[in-house]
Amino acid sequence: MKSSCLMNRLVLFISAFVVLCNGTPVCRGVLDPYPNKPKLTFRDDGTFKITLLSDLHFGENPWDDWGPEQDANSTKLMRTVLPDENPDFAVINGDLITGENTFRGNSTSLIDEIVGPLNELKITFASSHGNHDNQVNITHLEEILREQAVAPLSYTRTAPPGVGGEHGPGNYWVPVKSPLCVRSPQGQDHAKDLPGGVDQNGDAIPDWVDESVAKWIKIETQRMNAAWGPSEKRGALAFVHIPPHVVQDLRGGLDSAKEPGLNADELGAGSSQASGSDSVFGNDQPFWDALTENVPNLHAVFSGHDHGNEWCSRDNSKDVIFCFSKHTGYGGYDHGWGHGVRNIVFSSPSPTTAPETWIRMEAGDVHARITLDENYGR
Ligand SMILES: *[C@@H]1O[C@H](CO)[C@@H](O)[C@H](O)[C@H]1NC(C)=O
Ligand SMILES: *[C@@H]1O[C@H](CO)[C@@H](O)[C@H](O)[C@H]1NC(C)=O
Ligand SMILES: *[C@@H]1O[C@H](CO)[C@@H](O)[C@H](O)[C@H]1NC(C)=O
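Per mature numbering (1 follows the signal peptide of the UniProt record, and there is no 0): the sequence shown = residues -23 to -1, 1 to 355.
Pasting the structure below:
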C-alpha cells in the first residue's frame, strides 16, 4: 500500500560512482576499490550499458500465496529482461525487500533469491538501499553483507564508519574504464545509500542522505583527482533510492511532450527526501550541494521510491538532470503501471558524451527514450 510506503522514509544514498576512464597507467592500481573483481570497462565499440532495476520489494506476506507469487514473477522478469538487454552493469536502486513482512531469522535469505538471476547470468551489479530495507527485522548493512557473501559479481560497498549516519552505510563509487586506458579517468557513477525506514525498535529513521555524506563526496572526489587528474576528465551517474527534495518542485513544471514517461505519482509527504513529518525541508541540501558541485559531468541522478513515475527533468538551480527509475518488482504499491527497467547507454567513453536512456517493459516494448544532454529539460 502506498500509505505504508510513505510512512517509513528511508534515506538511501545509493551513491555508486561509476568512473569512466581512458588511461591505463593512471587509472590502474592507484585507486582501485575492487582489486579482486573484474575491471569494468567500456566495450571495444566504445559503448557501456547499464540496466537499472528498482523497488523489487521481495518478501511481502510470506504467509499468503500472493507474496511468494509476486517474488516468482519478479524473478521471472529478471530472467526475461536481463538476458535480452545484456547490460554491462546493473544497478538495483533500493527497496530490494519489504522488510516489514520479514522474520528476524531468515530475512536476508531473500537477497539470495534476488541475486540469483544476476549470478546465473554473470552480470556485474551494485545496489542502493531504501526505506523498506531498514525495518524491525532487516537493515541495510545486513542486506549488503549478505549480498557480498552470496553474489561474487556484486560491487556494493560501504563507506568508512560514520559516513551515511547509523542507518545508511551503503555509500560508494564504482569505476568504469575505457577499453584503451590511455590517459586519465573519464567517468564516474555514484550510488548512495539513504536511510529511512525504521530501526529495530520500530523508531523512524531519517529519510534524507546524511550530512556526513557531503563531506565524504568531497574527500572521495579529491582522492580521485589526486590519482587520476582533474574531475572534468570523468563523467558520472548517481543513484539514490529516495529522490532529493528538489524533485518536489520539478513535477509542477513538467512538459509531457518533452519530458516523457509515466507521471502518475503525486509527490506529497514522504515522496522525496526530507518531506516527511519527522524532517525539515533542506535536510538533504548538504548532500545535494556536495554531489552537484563536486562531481562534474554528472549526466543524471536516478531514484526509485515513487513507483508511478518514470520522468526525467532538470533541476535548474544545480543544472543537473534527475530521473525516476522504473518500478521493476511485482511487490510494492502499484496501480496498473506495469513492470520494467530503465536502460542507460553510453555511446562513447568521452566524459562529456551524454548517455541515452529509456524504459523497457517486461514484454519488450520500450518508451520515453531521451538523451541526457545539455538541451534536455530546458
Ligand atoms: C504474476 O504474473 C502474472 C502474469 O504473468 C499475473 O497474472 C499475476 O497476477 C501475477 N501475480 C502477482 C501476485 O502479482
Ligand atoms: C520479526 O521477526 C520476529 C521473529 O521471527 C517475528 O515474531 C516478528 O513478527 C517479525 N516482524 C516484526 C515486524 O517484528
Ligand atoms: C522465513 O521463516 C518464516 C517462518 O518462520 C516462513 O514463513 C518464511 O517463508 C521464511 N522466509 C524465507 C524467505 O525463507
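Yeah, the Cβ is synthetic: ideal placement off N, Cα and C, and Gly gets one too.
Computed from a predicted model, the values in this text were never measured in an experiment.
Identity of the residues DSSP links to residue i by a beta bridge
{"i": "N320", "result": "T28, W335"}
{"i": "residue 406", "result": "A question about residue 406 goes unanswered here, because the residues of the chain that appear run from -23 up to 355."}
{"i": "F301", "result": "S280"}
{"i": "V343", "result": "R337"}
{"i": "T18", "result": "K154"}
{"i": "I74", "result": "F35"}
{"i": "N286", "result": "N240"}
{"i": "T348", "result": "E333"}
{"i": "A181", "result": "V175"}
{"i": "R291", "result": "I298"}
Near ligand 3: residue i beta-carbon under 7 angstroms from a heavy atom
{"i": "S86", "result": "yes"}
{"i": "F258", "result": "no"}
{"i": "W288", "result": "no"}
{"i": "W43", "result": "no"}
{"i": "I308", "result": "Per the sequence presented here, residue 308 reads as Gly, with Ile not at that position. Not so, every heavy atom of ligand 3 lies at least 7 angstroms from the Cβ."}
{"i": "P263", "result": "no"}
{"i": "F66", "result": "no"}
{"i": "W40", "result": "yes"}
{"i": "N83", "result": "yes"}
{"i": "G76", "result": "no"}
{"i": "G36", "result": "yes"}
Assumed close pair residue i, residue j - CB separation to whole angstroms, cut-off 8 angstroms
{"i": "G139", "j": "V190", "result": "At roughly 10 angstroms, the Cβ-Cβ gap does not stay under 8 angstroms, so G139 and V190 are not in contact."}
{"i": "L29", "j": "R319", "result": "4 angstroms"}
{"i": "R291", "j": "R337", "result": "That pair is no contact at about 23 angstroms."}
{"i": "C289", "j": "G229", "result": "The Cβ separation is near 15 angstroms, so there is no contact."}
{"i": "H222", "j": "Q250", "result": "5 angstroms"}
{"i": "N70", "j": "S31", "result": "4 angstroms"}
{"i": "F299", "j": "E287", "result": "Actually they are not in contact, since the Cβ atoms of F299 and E287 sit about 12 angstroms apart, beyond 8 angstroms."}
{"i": "L349", "j": "A234", "result": "About 17 angstroms; that fails the 8 angstroms criterion."}
{"i": "K195", "j": "P328", "result": "Not a contact, Cβ separation roughly 19 angstroms."}
{"i": "S84", "j": "G93", "result": "Incorrect: roughly 16 angstroms between the Cβ atoms, too far for contact."}
{"i": "V343", "j": "E333", "result": "In fact, because the Cβ distance is near 11 angstroms, the residues do not count as touching under 8 angstroms."}
{"i": "L8", "j": "W314", "result": "L8 to W314, Cβ: 41 angstroms. No contact."}
{"i": "G107", "j": "H218", "result": "4 angstroms"}
{"i": "I100", "j": "L54", "result": "Not confirmed; about 14 angstroms, so no contact."}
{"i": "I91", "j": "L130", "result": "Incorrect: roughly 13 angstroms between the Cβ atoms, too far for contact."}
{"i": "G245", "j": "D184", "result": "13 angstroms between Cβ atoms; not a contact."}
Cβ-heavy atom distance, residue i to ligand 1, below 7 angstroms
{"i": "E46", "result": "yes"}
{"i": "residue 366", "result": "This structure cannot settle anything about residue 366, because the visible part of the chain is limited to -23 through 355."}
> Going along the chain, which unbroken runs of the beta strand (DSSP E) with 3 or more residues stay wholly within the stretch 101 to 154?
Replying inline: Listed in chain order, the complete beta strand (DSSP E) runs (minimum 3 residues) inside the stretch 101 to 154 are 102 to 105, 149 to 154.
> In chain order, what are the residues with a CB under 5 angstroms from some non-hydrogen atom of ligand 2?
Replying inline: F80, R81, V113, N114
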